[in-house]
Amino acid sequence: MEGRPLDDRELATRASNGDVEAYESLVSAYSDIAFRTAYLITGSAADAEDAVQDALVKAYRALTRFRTGEPFRPWLLRIVANEARNRRRSAGRWWRRTETLAPELQLRDPARSPEETAEAAEERATLLRSLNRMKPDDRAVITCRYLLELSTEETGAALGWPTGTVKSRLSRALDRLRGEVVGSAVGEMA
Amino acid sequence: MNDIEIRLNAFAEEISWPATPDFVTGLRERLADGERTPAAHRPARSWRPDLQPTTWRRVAVIAVVVLAIVAATLAIPPAREGLARLFGIKGVSIQRQESPIPTTGAGNALERGLLGDRTSLTDAAQATSITIQPPSRLGAPDEVRTRKLSTTTAITMVYNPRADLPDPNGTGVGMLITVFRARVDKAYFGKTLGPGTQIDEIQLASGTGYWIHGKPHVVIVQLANGDATLDDLRLAEDTLLWQDGDVTYRLESARSREDAISVANSMR
Chain A
104 MEGRPLDDRE LATRASNGDV EAYESLVSAY SDIAFRTAYL ITGSAADAED
154 AVQDALVKAY RALTRFRTGE PFRPWLLRIV ANEARNRRRS AGRWWRRTET
204 LAPELQLRDP ARSPEETAEA AEERATLLRS LNRMKPDDRA VITCRYLLEL
254 STEETGAALG WPTGTVKSRL SRALDRLRGE VVGSAVGEMA
Chain B
151 MNDIEIRLNA FAEEISWPAT PDFVTGLRER LADGERTPAA HRPARSWRPD
201 LQPTTWRRVA VIAVVVLAIV AATLAIPPAR EGLARLFGIK GVSIQRQESP
251 IPTTGAGNAL ERGLLGDRTS LTDAAQATSI TIQPPSRLGA PDEVRTRKLS
301 TTTAITMVYN PRADLPDPNG TGVGMLITVF RARVDKAYFG KTLGPGTQID
351 EIQLASGTGY WIHGKPHVVI VQLANGDATL DDLRLAEDTL LWQDGDVTYR
401 LESARSREDA ISVANSMR
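In the order they appear, the protein sequences are chains A and B.
Residue 139 in the numbering used here sits at position 36 of the first sequence, and the numbers go up by one each step.
Residue 409 in the numbering used here sits at position 259 of the second sequence, and the numbers go up by one each step.
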């Protein structure tokens, strides 16, 4: 592939015609978001890896049904999320787990940087604590929309919810998070 | 976009995710191999017990062997103290697990049914010959449930969430106190712990107890008599385990260690 970079649609079209190199380019572009979405659902890096690997094989085989002009990322994420949920469900029968585990979030660099003020560091820690105190579904929808930066449609695909449900649950989750953050701040001042 | 959304957007870069595996290397082989190894049929990597009866029998055999080893080792004084931390309570075995173990979900009405049939404390005591005194700190439970676990019966006192029994994780339950008479030669309980879960030895009015805290965990009940079962409904909150006489108690809630100890001590 030479010249200008190909966009997703062109790559998907080529991949559907058997161009594995084009498919590898798509996989490379969306590995992070696919893996993190699967991790959000399974709560396990190992299961997420398996889910994504399986989803990539299924997606490749389904490319012939991929509609030209359709955005590739949400289409792929839907397949990844379905695969992750399948793995979660098959394990879930054992201990009645919810469909989305939404594992607790962690900071990349928990230590305060030299440039960061004590107030900013505390604000960051408060937000993290508040997120981790939320119900898994609340944390999941907020994580999808703001921390994975998925669209509403992609969030719906990831969580298996209709778009309307994503919007209403997100709104309520944000209200609860705001309450948690304010409550934490008041608690710390007291 | 409001204040909290702005903060969340700025927060996205701060979050640590597990390292993304290399999905490109080997992709061609997996695509070529896909039909021969159906994806969904490959076993999950994290630890998951299998429902197959043959596997359970195998687990039960292993359980018996483990118990035999433990019993033999406990006879050796230097080993006793260390092992007591893991096998300190009659009928309770605590196993560590290297990979993270996801936890159970909510304790809604349907799942409460998994705790057994609803009954009263009087009837539960009559059926099990275990006299249970509800913690005076909490008063009578909202529900009492009993269920058979092979040769033993577990009694669970269920407390609904309330001001002094918070439910921050949305389990639908404020506290669970499970009581059972366990015998080492008949059953053992395994609690599989993920990394980040700690066990502290504590002193209660009735003797030694164990405070299990940190990351969520699940509880597994395995019986050594050829059967095995999973204690599959748990809050997966911090847990206090203790023994009084030949009865083992397990208290699970989102309350602090000191509160849990206080509740446990109020059951005497």
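Yeah, the Cβ is synthetic: ideal placement off N, Cα and C, and Gly gets one too.
Since residue i meets chain A, which of its residues come closer than 8 Å, beta carbon to beta carbon?
i	result
residue 155 of chain B	249 and 277
By Cβ distance below 7 Å, which residues in the same chain neighbour residue i in space, the five residues on each side in sequence not counted?
i	result
residue 296 of chain A	This structure cannot speak to residue 296 of chain A, because chain A is shown only from 104 to 293.
residue 116 of chain A	171
residue 166 of chain A	115, 118 and 119
residue 198 of chain A	Because the pLDDT at residue 198 of chain A is just 37, under 50, the model does not fix this residue reliably, and the point stays unresolved.
Note down, in chain order, every chain B residue with its Cβ under 7 Å from the Cβ of residue i.
i	result
residue 230 of chain A	157 and 161
residue 272 of chain A	Near residue 272 of chain A there are no residues of chain B at all, since even the closest Cβ is about 13 Å away, more than 7 Å.
residue 208 of chain A	165
residue 127 of chain A	174 and 177
residue 117 of chain A	Chain B residues near residue 117 of chain A: none, gap ~14 Å exceeds 7 Å.
residue 222 of chain A	Here the premise fails: no neighbours, minimum Cβ distance about 13 Å.
Are residue i and residue j touching if we call contact CB-CB under 8 Å?
i	j	result
residue 417 of chain B	residue 291 of chain B	no
residue 280 of chain B	residue 294 of chain B	no
residue 205 of chain A	residue 151 of chain A	no
residue 157 of chain B	residue 234 of chain A	no
residue 191 of chain A	residue 220 of chain A	no
residue 161 of chain B	residue 277 of chain A	no
residue 401 of chain B	residue 327 of chain B	yes
residue 330 of chain B	residue 358 of chain B	no
residue 245 of chain A	residue 210 of chain A	no
residue 284 of chain A	residue 177 of chain B	no
residue 288 of chain B	residue 163 of chain A	no
residue 227 of chain A	residue 179 of chain B	no
Starting from residue i, find everything on chain A with Cβ-Cβ shorter than 7 Å and list it in chain order.
i	result
residue 318 of chain B	236
residue 181 of chain B	123, 160 and 163
Which same chain residues end up closer than 8 Å to residue i when comparing Cβ atoms and leaving out the 5 residues on each side of it in sequence?
i	result
residue 169 of chain A	115, 119, 175 and 178
residue 208 of chain A	231, 234, 235, 242, 246 and 250
residue 272 of chain A	240, 241, 244 and 264
residue 268 of chain A	259
Counting only Cβ pairs nearer than 9 Å, list the residues of chain B close to residue i.
i	result
residue 242 of chain A	Ordered by position in chain B, no residue passes the 9 Å Cβ test against residue 242 of chain A, which lies about 10 Å from the chain.
residue 269 of chain A	None at all; the shortest Cβ gap to chain B is about 15 Å.
residue 262 of chain A	None at all; the shortest Cβ gap to chain B is about 15 Å.
Please list the partners that residue i has in chain B, where partner means a Cβ-to-Cβ separation under 8 Å.
i	result
residue 168 of chain A	Ordered by position in chain B, no residue passes the 8 Å Cβ test against residue 168 of chain A, which lies about 16 Å from the chain.
residue 130 of chain A	173, 174 and 177
residue 245 of chain A	158
residue 227 of chain A	161 and 164
residue 181 of chain A	Within chain B, no residue comes near residue 181 of chain A; the closest Cβ sits about 16 Å away, beyond 8 Å.
For residue i, which three-state DSSP category applies?
i	result
residue 173 of chain B	coil
residue 161 of chain B	helix
residue 238 of chain A	coil
residue 292 of chain B	coil
residue 121 of chain A	coil
residue 264 of chain A	coil
residue 252 of chain A	coil
residue 266 of chain B	coil
residue 183 of chain A	helix
residue 330 of chain B	strand
residue 282 of chain A	helix
residue 350 of chain B	strand
residue 287 of chain B	coil
residue 172 of chain A	coil
residue 141 of chain A	helix
residue 166 of chain B	strand
residue 153 of chain B	helix
Report all residues from its chain with a CB closer than 6 Å to the CB of residue i; omit the five preceding and five following residues, and keep chain order.
i	result
residue 355 of chain B	415 and 418
residue 325 of chain B	309, 315 and 403
residue 223 of chain A	none
residue 270 of chain A	none
residue 362 of chain B	349 and 389
residue 131 of chain B	Any question about residue 131 of chain B goes unanswered here, given that chain B covers just 151 to 418.
residue 394 of chain B	356
residue 410 of chain B	390 and 401
residue 283 of chain B	417
residue 257 of chain A	177 and 180
residue 432 of chain B	With chain B running from 151 to 418 in the structure shown, residue 432 of chain B is simply not present.
residue 168 of chain B	none
residue 407 of chain B	361
Counting only Cβ-Cβ distances shorter than 7 Å, please list the residues of the segment 135 to 161 of chain A near chain B, keeping chain order.
135, 138, 139, 142, 146, 147, 148, 149, 150, 152, 153, 155, 156, 157, 159, 160 and 161
Just by C-beta distance, which residues in the segment 160 to 179 of chain B are closer than 7 Å to chain A?
161, 162, 164, 165, 166, 167, 168, 170, 171, 173, 174, 177 and 178
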